[in-house]
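In the working numbering, the protein residues as written are 2 to 332. Glycine included, C-beta positions come from ideal geometry on N, C-alpha and C.
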């Protein structure tokens, strides 16, 4: 039986291990589609899964990696045939079901998306869940009436996975993007992605003692994977009828505010969930990514490439907030 390599985390009582192991097909969980994985990508969620006592892991041992792209080796589902190029992102992949940090994966057929026209497997993983989350944020905000002529869009956490892909996607469609980052060294990088203005997160906090009602309307919309105190500021500076798409909470899950700005300015507070996003939305959105949202010139600027052997260093960086753009793992 074929042996293959995978990055495995395991915990028995207080004994936690994480590293590359050899597995066989018998070690894989049940599923209708077996995939030869070519690329995966590293997300903040993978960093959390790689830590002891992770609240995200449903059962041990676990292979992290919430994204993968590869070729079908075997399928019990007629929708997929041997050799088909496919991608799998989110659902329970890498948290409750062995994920993408493995040379071979087996997954339920209902999680599998045919590789969209216009994307290579490598490009699909440069974007991955982060890029899909950005595209889903864009779609949901457009559904609320957002368009380039409505005004500027704020992107928080702009050097991260969601932030950097959002800056590129929105800019590419003609939006005026303001990017928020603490990293002065990355201003040129964000300009290359299309940001017209860059602000420090300290500028997105209401000065102590200043009434919220005095804050001017600034943004037609905001893509916010950070939340925390900056989200309070966003609520009070969105234009009338504006929207904010919240997909993360690296700045904190608690938001101490009132409903008044949401009501007074008719704001749409949109929660973005890429995990259980239905396939009726997921598959067409991936097609749109391949057709018009894939960054035309910036993909190589936002990516670093690693292997299973360098994965621990990448996971450590992403947890420390030191990641830049996207990191993919070549298998």
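For residue i, does the three-state DSSP call read helix, strand or coil?
i           : result
residue 222 : strand
residue 238 : helix
residue 67  : coil
residue 164 : helix
residue 1   : What the structure shows of the chain is the stretch from 2 to 332, and residue 1 is not part of that stretch, so it cannot be assessed.
residue 3   : coil
residue 180 : strand
residue 159 : coil
residue 204 : helix
residue 186 : helix
residue 147 : coil
residue 174 : coil
residue 89  : strand
residue 135 : helix
residue 259 : coil
residue 57  : coil
residue 51  : coil
residue 276 : coil
residue 320 : helix
residue 191 : helix
residue 128 : helix
residue 94  : strand
residue 216 : coil
residue 15  : coil
residue 291 : helix
Give me whichever residues DSSP pairs with residue i in a beta bridge.
i           : result
residue 20  : 9
residue 305 : 328
residue 117 : In the DSSP output, where bridge partners are listed per residue, residue 117 has none listed.
residue 246 : 224, 271
residue 80  : Per DSSP, none; premise fails for residue 80.
residue 110 : Bridge partners of residue 110: none, in fact.
residue 198 : 179
residue 40  : 70, 331
residue 25  : 4
residue 35  : 75, 107
residue 154 : 178, 222
residue 232 : Paired residues: none, contrary to the question.
Residue i to residue j, Cα distance in whole Å?
i           : j           : result
residue 170 : residue 16  : 43 Å
residue 94  : residue 66  : 7 Å
residue 119 : residue 307 : 24 Å
residue 265 : residue 328 : 41 Å
residue 206 : residue 278 : 32 Å
residue 259 : residue 68  : 37 Å
residue 57  : residue 34  : 24 Å
residue 297 : residue 132 : 14 Å
residue 62  : residue 5   : 16 Å
residue 331 : residue 217 : 47 Å
residue 318 : residue 45  : 10 Å
residue 103 : residue 9   : 9 Å
residue 192 : residue 3   : 47 Å
residue 190 : residue 231 : 22 Å
residue 141 : residue 314 : 35 Å
residue 168 : residue 39  : 27 Å
residue 156 : residue 203 : 14 Å
residue 271 : residue 25  : 42 Å
residue 41  : residue 261 : 43 Å
residue 179 : residue 322 : 20 Å
residue 147 : residue 134 : 17 Å
residue 301 : residue 166 : 12 Å
residue 309 : residue 70  : 15 Å
residue 274 : residue 78  : 27 Å
residue 183 : residue 84  : 44 Å
residue 76  : residue 235 : 47 Å
residue 263 : residue 181 : 22 Å
Please tell me whether residue i and residue j are closer than 8 Å, where the distance is taken between their beta carbons.
i           : j           : result
residue 1   : residue 160 : This structure leaves residue 1 out entirely; the chain is present only between 2 and 332.
residue 127 : residue 72  : no
residue 98  : residue 108 : yes
residue 223 : residue 245 : yes
residue 55  : residue 276 : no
residue 286 : residue 116 : no
residue 7   : residue 114 : no
residue 64  : residue 316 : no
residue 110 : residue 80  : yes
Would residue i count as contacting chain B if we go by Cβ distances under 8 Å?
i           : result
residue 309 : The structure shown contains no chain B; it holds only a single protein chain.
Original post:
Touch check for the segment 42-54 and the segment 22-34: three-plus C-beta pairs under 8 Å?
Top reply: They do not touch, by the three-pair rule.
**OP:** Evaluate the contact criterion for the segment 242-253 versus the segment 218-233: three or more CB pairs, one atom per stretch, below 8 Å.
**Re:** Enough Cβ pairs lie closer than 8 Å, so yes.
**OP:** Decide yes or no for the touch test of the segment 136-151 against the segment 240-249: beta carbon pairs closer than 8 Å, at least 3 of them.
**Re:** These segments touch.
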